[in-house]
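Just below is one structure, and these are the notes that go with it.
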């Protein structure tokens with residue numbers, strides 16, 4: 258497989274880089290290097306647990322830094338990386354570099370997230386690993402060969418974009434992500450999301466996989482897809498599947514489609530009602546916004562720590 262390799266070009270942003278945390282470079286099995294950031298707890302509060310945070314498609318890792326910083330304040334070591342082709346893990350050369358990438362969506366799990374888990378295991382031998390997977394990241398962590406090292410997985414708005422599962426009130430999502438996006442990617446050789454104001458730039462293969470929206474993710478993977486998903490079916494960790502009721506992507510049907518891949522897991526579901534939190538909307542990205550720090554982040558840390566949640 259032709260692949261852009263080597264160190265990702267860094268786009269310095271001093272306002273961001275002054276935030277807490279330590280930048281780390283994580284090398285994948287195929288040699289691609291990811292830009293990640295690790296957040297460490299104080300020695301006094303360290304729980305001996307590491308949280309691997311896996312991001313949504315087209316979202317930069319920096320969006321999750323405040324949440325990772327919060328988990329560190331609660332005693333976790335937390336790590337979050339940009340997937341290959343995204344944010345600080347984008348290849349050198351900008352658009353030209355992205356056009357040279359043959360990256361597929363599932364490889365963010367089988368290669369990138371797997372490498373982050375490997376880093377977490379090596380960084381703290383004996384530490385308990387937990388996962389926080391947002392959107393595709395909820396499935397992506399399950400695709401990693403090292404996923405059995407995870408003991409608990411908090412899924413937030415997790416699904417894999419099978420468009421018939423989208424909320425009926427959101428027809429625009431179909432045209433935006435399943436018609437317009439792949440058309441633009443086919444013409445330009447990559448998806449220029451940043452220029453359009455539609456999340457981040459992405460490799461063409463990822464955009465195509467997302468746009469196809471297959472009902473069974475094994476079909477999205479293609480060759481070896483059944484083997485990968487059979488491995489996913491063996492995972493036995495605890496799962497808390499959380500989604501906002503106004504999330505147009507992570508509908509009940511979409512969440513259940515993903516959870517069907519995990520018959521051996523112990524699964525609990527939690528629906529977040531905006532009105533119960535005193536807000537008009539949460540949506541697909543809202544849970545990780547700092548405005549929900551008091552209402553939701555503490556509850557997530559509690560579940561990651563104990564496997565139990567406060568019923569509210």
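Numbering (this note's numbering), first residue to last: 258 to 569.
From the three backbone atoms N, C-alpha and C, an ideal C-beta is built for every residue, glycine too.
Since the structure is predicted, the reported quantities are computational estimates derived from the model, not experimental observations.
Query	Result
DSSP bridge partner residues for residue 390 (one or two, in chain order)	311, 412
Helix, strand or coil at residue 385 according to DSSP, with G and I counted as helix	strand
Three-state secondary structure assigned by DSSP to residue 306	strand
Option in 313, 309, 285 with minimal Cα separation from residue 457	313
Cβ-based neighbour list, residue 482, same chain, cut-off 6 Å, excluding 5 preceding and 5 following	475
Assigned secondary structure, residue 545 (DSSP; H/G/I helix, E/B strand, else coil)	helix
Backbone CA spacing between residue 467 and residue 339 [nearest angstrom]	18 Å
Burial state of residue 337, where buried means 16 or more other Cβ atoms lie within 10 Å	buried
Limits of the beta strand (DSSP E) - the one that residue 370 falls within	Residue 370 -> no beta strand (DSSP E), and no H or E assigned at all.
For residue 529, the residue or residues it bridges with in DSSP	501
DSSP state of residue 560 mapped onto helix, strand, coil	helix
Distance, residue 434 Cα to residue 414 Cα	17 Å
Cβ pair residue 387, residue 293 closer than 8 Å	no
Residue 567 (DSSP reduced to helix, strand or coil)	coil
With 16 other Cβ atoms within 10 Å as the buried cut-off, status of residue 432	exposed
Pairwise C-alpha distance: residue 470 and residue 420	6 Å
When 473, 499, 557, 496 are compared against residue 487, the one with the closest alpha-carbon	473
Member of 538, 567, 370, 544 whose CA lies at the smallest distance from the CA of residue 285	370
Residue 332 versus residue 360: straight-line alpha-carbon distance, rounded	35 Å
Test item: CB-CB of residue 549 and residue 418 under 8 Å	no
Residue nearest to residue 375 in terms of C-alpha spacing, selected from 401, 298, 422, 511	401
Residue 269 to residue 528 span [Cα, whole Å]	Residue confidence is low: residue 269 scores 35 on pLDDT, short of 50, so the model does not pin down where it sits. No coordinate-derived value is stated.
Same chain, Cβ closer than 6 Å to residue 296, neighbours up to 5 away in sequence not counted	278, 325, 326, 329, 335
Per-residue DSSP class, three states only, for residue 471	coil
Proximal residues to residue 442 (C-beta, below 7 Å), its chain only, five neighbours per side dropped	448, 461, 464, 465
Bridge partner(s) assigned by DSSP for residue 291	283
Residues near residue 397 by beta carbon distance below 7 Å, same chain, minus five either side	311, 365, 366, 370, 390
Per-residue DSSP class, three states only, for residue 518	coil
Close Cβ partners of residue 538 (< 6 Å) along its chain, the five nearest in sequence each way excluded	503, 531
Neighbourhood of residue 427 by C-beta, 6 Å cutoff - its chain only, sequence neighbours within 5 removed	505
Where residue 423 sits in the DSSP three-state scheme	coil
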